[in-house]
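Trainee: Sequence positions in the sequence shown follow mature numbering (1 follows the signal peptide of the UniProt record, and there is no 0) and run -19 to -1, 1 to 175.
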Amino acid sequence: MLKQAAVIALLGLSSSVFAGDWQVKVGASYIAPTSDTQTALGKVEADDEFAFTPSVEYFFGDSPFSAELLLATPINHDVLLDGNKVARVKHLPPTITAKYNFKNATRFTPYIGVGATAFIPWDESGVADKVKNDYGFAGQVGFTFQPADAKNWGVYFDVRYADLSPEVRLVDNLGTFDLDIDPVIYTLGYSYRF
């Protein structure tokens, strides 16, 4: 009898904790690296890029908390040495953030989030022989806006930061260096909440 009561209590607890809403976001992002690396050969940096950045978000019931998984399509960065292209790296940037949504009486909902991101490279070319995976801190601030006549649709804008410095191994064993990227990502898009 006690086991049955415990199971019923856990089921009730789990249904209240996991009762929430899903949101799908489709956005376009401008990715602006903020760092560069000084090497013996000169200044190395990644160039700015644009990307398609879909994400999925889960809202935890009526609380102000949510979790967002940024999926993003593959991103191509040209690697520049003193302004000249010397390599190209394609990568995926999956990012998960825990968010706090500032609910209020207006149609604007600001939010902040912190979490973790990854740099998963493949298809290196040029002087980059191998680029290692990298993991780092991620943060975001932004807002969603739901028009008066929109039942589930909205628009959003956010700014993200990712702390990323993947290690690059040069061709012919010429050495390695950390490619400091540390991008700021500006995203504008549409959201749909279920």
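In this text, a Cβ means the ideal position worked out from N, Cα and C, and glycines have one as well.
Can you look up Gly(-8) in the DSSP assignment and give me helix, strand or coil?
Mentor: Unreliable placement is indicated for Gly(-8), whose pLDDT of 48 sits below 50; the coordinate value is still reported in the next sentence. Residue state, collapsed to three classes: helix.
Trainee: What number of angstroms, rounded off, separates the C-alpha of Asp161 from the C-alpha of Lys132?
Mentor: Approximately 43 Å between the Cα atoms of the pair.
Trainee: With H, G and I counted as helix, E and B as strand and the rest as coil, what does DSSP make of Asn57?
Mentor: Residue state, collapsed to three classes: strand.
Trainee: Run through the DSSP bridge pairs and tell me what Pro164 is partnered with.
Mentor: For Pro164, which the question treats as bridged, DSSP gives the partners Pro14.
Trainee: Between the alpha carbons of Lys6 and Asn154, how many angstroms are there, rounded?
Mentor: Taking the straight line from one Cα to the other gives about 43 Å.
Trainee: Whole-angstrom Cβ separation of Arg174 and Gln4, contact assumed at under 8 Å?
Mentor: Arg174 to Gln4, Cβ: 4 Å. Contact.
Trainee: If you follow the beta strand (DSSP E) that Val70 is in, where does it begin and where does it stop?
Mentor: 65 to 73 is the span of the beta strand (DSSP E), which, as asked, contains Val70.
Trainee: List the residues that DSSP assigns as beta-bridge partners of Ala79.
Mentor: In the DSSP output, where bridge partners are listed per residue, Ala79 has Ala48, Val95.
Trainee: Can you list, in chain order, the residues of its chain with a C-beta nearer than 6 Å to that of Pro35? Leave out the 5 residues immediately preceding and following it.
Mentor: Contacts found: Val7, Leu52.
Trainee: Determine the contact status of Gln127 and Ile93, defining contact as a CB-CB distance below 8 Å.
Mentor: The answer is no: Cβ separation not under 8 Å.
Trainee: State the Cα-Cα distance for the pair Asn65 and His58, rounded to the nearest angstrom.
Mentor: Answer to the nearest angstrom: the Cα atoms are 13 Å apart.
Trainee: Taking 8 Å as the cut-off, decide whether the C-beta atoms of Ala119 and Gly96 are in contact.
Mentor: Contact: yes.
Trainee: Take Lys84 as the anchor and find which of Ala143, Asp110, Gly156, Phe40 has the nearest alpha-carbon.
Mentor: For Lys84, the nearest C-alpha among the options comes from Phe40.
Trainee: Among all the DSSP beta bridges, which residues are the ones paired with Ala143?
Mentor: In the DSSP output, where bridge partners are listed per residue, Ala143 has Ala119.
Trainee: For Thr108, which three-state DSSP category applies?
Mentor: Per the sequence presented here, residue 108 reads as Val, with Thr not at that position. The answer is coil: DSSP assigns Val108 none of H, G, I, E or B.
Trainee: On a CA-only basis, which of Arg88, Leu22, Ile77, Pro147 is nearest Phe124? Give me that one, please.
Mentor: The shortest C-alpha separation from Phe124 is found at Arg88.
Trainee: With distances taken between CB atoms, is the gap from Gly117 to Ala143 smaller than 8 Å?
Mentor: In this structure, Ala143 lies closer than 8 Å to Gly117 by Cβ.
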